[in-house]
Amino acid sequence: MAKSSKDREDINIKNIFKSDKVSNDRFHDEFNKKVPISKQIIKYKEPEAMHNVKTIRYTELGDKTTDYSGKTEKNNLQYTDYMKAYAEERAPTDVKRKEFKSAKDYAKFSNKFIKKPLTDKEQKMLEQKKHDEEKQEMERLQRLQQENKKIDDYYSRISQLMIRQ
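Quick note on the numbering used here: the sequence shown kicks off at 161 and runs consecutively.
Right under this line is the structure:
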């Protein structure tokens, strides 16, 4: 058996930090050079509910996965899909936000915006979003039905072959 070594001939990773020890600030500075912060307008997207299951590893049947981001069971390691990390633009992190001294101050501020009725455009967007979600769910159920039918057909064929023997 060959002796183990830390040298890998098949992987050539360039050390962009020029040292073995890297601080968080240095890492973030290098990252910001590689993936610049976007200066374009970011279109608002309605928040989406996420499944709140942390201990069970699962995949919703019939879904198509495009984002492989996740985290380990103990939440001590988070990872981002490669395409998402390097292809998407990032939102600026130095956004100036209004600071509130109490929950009452925030409630007064937010009530100005909450009490406004939705515009026709916003109403249409919500209806379109609901329609799209229903369409996606129908497509997911159809894919699931097709997969179940394939499995059932396969099982029937195997069962028939076993009976003949």
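Cβ coordinates follow ideal geometry from the N, Cα and C atoms, glycine included.
DSSP lists Gln-238 as the beta-bridge partner residues of Lys-231. Taking a contact as a CB-CB distance under 8 Å, the pair Leu-237 and Lys-231 counts as one, their CB atoms being some 6 Å apart. Straight-line spacing of the CA atoms in Lys-181 and Asn-175 works out to 11 Å. Per DSSP, reduced to three states, the secondary structure at Ile-274 is helical. Closest option to Gln-283, judged by alpha-carbon separation, among Glu-206, Gln-296 and Lys-163: Glu-206.
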